[in-house]
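In our numbering, the protein residues as written are 1 to 403.
Just so you know, even glycine gets a beta-carbon here, dropped at the ideal spot from N, CA and C.
Being a predicted model, the structure only gives us computed values, none of them experimental.
Read through the structure below, which is laid out as structure tokens, and then see the notes.
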Ligand code: PMT
């Protein structure tokens with residue numbers, strides 16, 4: 001397996017040498033590309049000695065560079081890993097600027113891309129950087145997010161390069177996935193998936209909702225599509241693009257989600273309820289904006305919403321539908337998830353511990369316990385939602401095969 005390791009200019013550049021060694025220990029062949037500013041922090045000779053290959057810095061600086069051409073370099077690797085990645089290189093990648101060797105290679109690259117950003121906390125928080133990260137995620141780049149703590153610049157916050165072991169593990173995981181032959185083990189299955197939040201309006205401008213980003217449900221939909229399933233995604237309002245090759249049905253309220261699911265469930269073989277559905281909605285939606293009018297207290301009456309998965313679960317017993325739910329719990333995770341699985345007639349439930357900052361709502365990663373209706377369970381450690389989706393689909397495919 002071959003990795004192209006891009007190193008950009010920040011204090012964490014020296015750690016790229018440890019990343020290179022970690023990959024080599026796992027039998028990976030590594031070629032290094034450095035930006036000019038990276039070469040101010042660590043000499044290219046370090047990487048040349050470690051990798052045994054010429055290190056490209058500027059495009060036209062050495063005569064032997066002429067033989068290293070950006071398109072062939074991009075094609076010769078299985079993964080482009082950029083560690084550390086500065087705010088500057090993220091901006092170039094996000095906007096298609098190709099003004100040095102690394103950004104030119106990125107643009108001509110068709111292989112998976114893994115990025116480990118590192119920068120000052122304010123640069124990380126800046127809306128421009130966050131927008132660039134969002135663009136790159138949408139394009140399909142994966143990230144090893146920076147850590148939180150003391151930074152070389154003296155400030156404290158998010159921005160330090162992730163731990164070397166985590167970067168190496170993420171790169172090896174991606175390489176493993178590229179090696180796996182494409183499975184079509186869900187061919188013939190029709191998955192109906194809910195994702196995102198629901199929104200319950202109080203008046204024309206106010207509403208009740210939650211922090212679901214839709215990422216978990218969208219990851220399941222995309223992975224199921226890639227494994228040959230026909231996928232319908234009923235989605236609450238999220239900022240993610242509609243996945244290609246998936247029928248996406250946008251909804252807003254629980255009532256709309258209920259209608260969208262019930263009118264399609266007859267055609268499904270698997271239902272996955274990943275949406276964070278509001279359990280209550282205002283008993284009446286005010287037609288005009290609610291006025292303060294000197295009131296010191298306002299009481300809003302709420303009524304229960306439709307129980308989507310409960311209704312699906314009850315009807316599933318007769319038609320062989322496989323029902324998979326999620327539980328987001330802040331206490332007694334397993335006990336509450338088990339209770340939901342039983343009460344709502346699910347075959348499987350994925351219990352996420354939302355007390356962890358890196359799991360559950362609105363993050364790229366998740367950690368969960370899969371509970372089965374036969375009482376068995378499996379713990380899934382913290383991993384990208386895309387990988388957790390793949391594990392869940394392995395389980396679904398195996399169960400469908402047995403039925
Ligand atoms: O969207 P992300 O930011 O990626 O976050 C993912 C997630 C945390 C939202 C997701 O992994 C998750 O846990 N979804 C379920 C969240 C939840 O609030 O579950 P719950 O415990 O309220 O509901 C249990 C199950 O019943 C869920 O499958 C839910 O979709 C379903 N339900 C709940 C209420 C209702 N009225 N109808 C339902 O179908």
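{"Check": "Mapping the DSSP letters down to three states, classify residue 58 as helix, strand or coil.", "Outcome": "coil"}
{"Check": "Can you tell which of 371, 1 and 378 has the C-alpha that lies nearest to the C-alpha of residue 79?", "Outcome": "1"}
{"Check": "What is the DSSP secondary structure of residue 361, reduced to helix, strand or coil?", "Outcome": "coil"}
{"Check": "By the 10 Å Cβ neighbour count, where 16 or more other Cβ atoms means buried, how is residue 104 classified, buried or exposed?", "Outcome": "buried"}
{"Check": "Taking C-alpha atoms, which residue in 182, 191 and 292 lies nearest to residue 231?", "Outcome": "191"}
{"Check": "Within 7 Å: the Cβ of residue 215 and any heavy atom of ligand 1?", "Outcome": "yes"}
{"Check": "Hey, is residue 22's beta-carbon within less than 8 Å of any beta-carbon in chain B?", "Outcome": "In the displayed structure, chain B is absent; only one protein chain is listed."}
{"Check": "Could you have a look at residue 265 and say whether DSSP puts it in helix, strand or coil?", "Outcome": "helix"}
{"Check": "Which residue marks the beginning of the alpha helix (DSSP H) containing residue 383, and which one marks its end?", "Outcome": "Counting along the chain, residue 383 falls outside any alpha helix (DSSP H), though it belongs to the beta strand (DSSP E) covering 377-384."}
{"Check": "Heavy atom of ligand 1 less than 7 Å from the Cβ of residue 361, yes or no?", "Outcome": "yes"}
{"Check": "Provide the residue span of the alpha helix (DSSP H) that contains residue 104, from first to last.", "Outcome": "101-108"}
{"Check": "Between which two residues does the beta strand (DSSP E) containing residue 150 stretch?", "Outcome": "147-150"}
{"Check": "Going by the CB atoms, is the gap between residue 309 and residue 257 shorter than 8 Å?", "Outcome": "no"}
{"Check": "Tell me residue 369's beta-bridge partners as DSSP assigns them.", "Outcome": "351 and 379"}
{"Check": "Between the stretch 272-284 and the stretch 209-229, can you find at least three pairs of beta-carbon atoms closer than 8 Å?", "Outcome": "yes"}
{"Check": "Run through the DSSP bridge pairs and tell me what residue 33 is partnered with.", "Outcome": "6 and 56"}
{"Check": "Please state the DSSP three-state secondary structure of residue 201.", "Outcome": "strand"}
{"Check": "Is any heavy atom in ligand 1 found nearer than 7 Å to the beta carbon of residue 306?", "Outcome": "yes"}
{"Check": "So does the stretch 391-399 actually touch the stretch 239-250, counting three or more Cβ pairs closer than 8 Å?", "Outcome": "no"}
{"Check": "Using a threshold of 8 Å, state whether the C-beta atoms of residue 164 and residue 19 are closer than that.", "Outcome": "yes"}
{"Check": "Closer than 6 Å by C-beta to residue 132: which residues in its own chain qualify, once you throw out the five before and the five after it? Chain order, please.", "Outcome": "90, 91 and 94"}
{"Check": "Where residue 155 and residue 267 are concerned, what is the direct C-alpha to C-alpha distance, given to the nearest angstrom?", "Outcome": "55 Å"}
{"Check": "Does the Cβ of residue 300 have 16 or more other Cβ atoms within 10 Å, making it buried, or fewer, making it exposed?", "Outcome": "exposed"}
{"Check": "Using only the heavy atoms of ligand 1, determine whether one of them is closer than 7 Å to the beta carbon of residue 292.", "Outcome": "no"}
{"Check": "Compute every distance between the C-beta of residue 365 and the non-hydrogen atoms of ligand 1, then say whether any falls below 7 Å.", "Outcome": "no"}
{"Check": "Let me check you understand the geometry: is the CB of residue 212 closer than 7 Å to at least one non-hydrogen atom of ligand 1?", "Outcome": "yes"}
{"Check": "Is it right to say residue 45 is buried, meaning 16 or more other beta carbons lie within 10 angstroms of its own, or is it exposed?", "Outcome": "exposed"}
{"Check": "If you compare alpha carbons, which of 85, 197 and 222 is closest to residue 117?", "Outcome": "85"}
{"Check": "For residue 235, write down the residues that DSSP places opposite it in a beta bridge.", "Outcome": "195 and 250"}
{"Check": "Among 87, 110 and 237, whose alpha-carbon lies nearest the alpha-carbon of residue 125?", "Outcome": "87"}
{"Check": "Please classify residue 354 as buried or exposed, where buried requires at least 16 other C-beta atoms within 10 Å of its C-beta.", "Outcome": "buried"}
{"Check": "Report the option in 343, 386, 334 and 221 whose CA atom is closest to the CA atom of residue 370.", "Outcome": "334"}
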